[in-house]
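Enquirer:
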Amino acid sequence: MPSEHQDNPASTTPGTTSRCPWCGTDPLYMHYHDTVWGRPEYDDLALFEKLCLDGQQAGLSWITILRKQESYRAAYDGFNPEKIIQYGDAKIAELMQNPGIVRNRLKIQSVIKNARGFLDIQEKGAGFSDFLWSFVENSPIQNNWRSFDEVPVTTPESEAMSRALKRAGFTFVGPTIVYAFMQATGMVNDHLVHCPQHSQCHSPCFKPRGHL
0 MPSEHQDNPA
10 STTPGTTSRC
20 PWCGTDPLYM
30 HYHDTVWGRP
40 EYDDLALFEK
50 LCLDGQQAGL
60 SWITILRKQE
70 SYRAAYDGFN
80 PEKIIQYGDA
90 KIAELMQNPG
100 IVRNRLKIQS
110 VIKNARGFLD
120 IQEKGAGFSD
130 FLWSFVENSP
140 IQNNWRSFDE
150 VPVTTPESEA
160 MSRALKRAGF
170 TFVGPTIVYA
180 FMQATGMVND
190 HLVHCPQHSQ
200 CHSPCFKPRG
210 HL
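The opening position of the sequence shown corresponds to residue 0 in numbering that gives the first Met the number 0, with each subsequent residue numbered one higher.
1) Out of Glu81, Thr184, Glu122 and Leu94, point me to the one whose CA is closest to Leu131's CA.
2) Since Glu156 is in the alpha helix (DSSP H), which residue starts that stretch and which ends it?
3) Taking the Cβ atom as the reference point for each residue, do Gln199 and Asp189 lie within a distance shorter than 9 Å?
4) Any contact between the segment 45-61 and the segment 108-117? By contact I mean 3 or more CB pairs, one from each, below 8 Å.
5) By a C-beta neighbour count over all protein chains shown, 10 Å radius and 16 as the cutoff for buried, is Ala125 buried or exposed?
6) DSSP state of His193, grouped into three classes?
7) At the level of alpha carbons, what is the spacing between Phe78 and Glu48?
8) With DSSP as the reference, label Ile140 as helix, strand or coil.
9) Below 9 Å between beta carbons: does that hold for Val101 and Gln141?
10) Hey, how far is the Cα of Arg162 from the Cα of Arg72?
11) Please state whether DSSP places Asn217 in a helix, a strand or coil.
12) Output the residue ranges of the alpha helix (DSSP H) runs that lie fully inside the segment 35-79 and measure 4 residues or longer, sorted by chain position.
13) How many angstroms separate the CA atom of Asp119 from the CA atom of Val172?
14) Return the first residue and the last residue of the alpha helix (DSSP H) that Glu215 is part of.
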C-alpha cells in the first residue's frame with residue numbers, strides 16, 4: 000500500500016468515478032491528489048525535494064509533511080543542495096528548534112547526506128532526473144488497479160532504485176519510501192482505474208503537474 004493510502008486505510012474501494020480514497024476530504028490533500036500525485040516530474044531539484052520530504056514522512060502520515068511543506072522549504076533554503084551541504088552543527092541545532100519541521104536529528108542529517116549524494120550524482124555527469132527515471136526505462140509504468148488492496152508497497156524497480164540511492168550516500172530511502180516517491184512523481188501511475196486522474200496521468204497530453 001502506498002504511504003499516502005495509509006492515512007485512510009479503512010477506505011479501499013472507490014465508487015465508479017471517485018478519487019483515490021487515500022486523500023479523503025481534506026482540501027489540501029484533494030488538491031495534491033488532483034494536481035501533483037502521479038503526474039510525471041522531471042525537474043532535478045523538485046525530485047530532490049520530494050525524495051527528502053518522503054524520507055521525513057517515515058513513521059508519519061504524508062498529510063503531516065504536506066502541511067509543513069512551506070516550513071520545510073524555508074528551513075532548508077528551498078532545498079538547494081549547494082546550500083544544504085554547508086550546514087554544520089549550528090544549523091543542525093537551529094533546525095532542531097524549528098517547530099515547523101519534524102525535529103528528528105537523523106532526519107535532519109539525512110537531508111544533508113542526500114544533498115551530498117545529489118551533487119555526487121551530478122558530478123559524475125548524470126542529471127538526477129535521468130538517474131531516477133532510468134529505473135523505469137524513462138517512461139511511466141501504467142497500472143490498472145481497482146482497489147488499493149492490489150497496490151504493492153515495493154516493486155523490483157523501487158528496490159533497485161533504493162539500492163542505487165544508498166550506494167550514492169542517500170538515507171531514508173528504503174524500497175517502501177522509494178515506491179511512494181515513484182508513485183507521487185509519476186514514475187508509476189497508481190491512481191485507481193475509477194479515479195478521474197488515472198486517465199489524465201495515462202494520457203500523453205495530460206496537464207502539467209501542480210506545485211509539489
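From the three backbone atoms N, C-alpha and C, an ideal C-beta is built for every residue, glycine too.
Bear in mind the structure is a predicted one, so any value in this text is a computation, not a measurement.
Expert: Working from what's here:
1) Taking the sequence shown and counting its residues from 1, one reaches residue 131 at position 132. The alpha carbon of Leu131 has as its nearest neighbour, out of Glu81, Thr184, Glu122 and Leu94, the alpha carbon of Thr184.
2) By one-based count along the sequence shown, residue 156 stands at place 157. Pro155 to Arg166 is the extent of the alpha helix (DSSP H) around Glu156.
3) Residue 199 sits at position 200 when you count from the first residue of the sequence shown. Residue 189 sits at position 190 when you count from the first residue of the sequence shown. Taking a C-beta distance under 9 Å as the contact criterion, Gln199 and Asp189 do not qualify as a contact pair.
4) yes
5) Within the sequence shown, the letter at position 126 stands for residue 125. Classification for Ala125: exposed.
6) Counted from its first residue, the sequence shown places residue 193 at position 194. Coil.
7) Within the sequence shown, residue 78 is the residue found at index 79, counting from 1. Within the sequence shown, residue 48 is the residue found at index 49, counting from 1. Each residue's alpha carbon lies about 6 Å from the other.
8) Here the question's residue 140 lines up with position 141 in the sequence shown. DSSP places Ile140 in strand when its eight states are reduced to three.
9) Along the sequence shown, one-based indexing puts residue 101 at 102. Along the sequence shown, one-based indexing puts residue 141 at 142. Their beta carbons are not under 9 Å apart, which means Val101 does not touch Gln141 by this criterion.
10) Numbered from its first residue, the sequence shown carries residue 162 at position 163. Numbered from its first residue, the sequence shown carries residue 72 at position 73. If you take the alpha carbons of Arg162 and Arg72, they lie about 27 Å apart.
11) Outside the shown range of the chain, which is 0 to 211, sits residue 217, and nothing can be said about it.
12) 43-56, 61-66 and 68-74
13) Translated into positions along the sequence shown, residue 119 becomes position 120. Translated into positions along the sequence shown, residue 172 becomes position 173. Approximately 16 Å, taken between the alpha carbons.
14) No answer is possible for residue 215: the residues shown for the chain start at 0 and end at 211.
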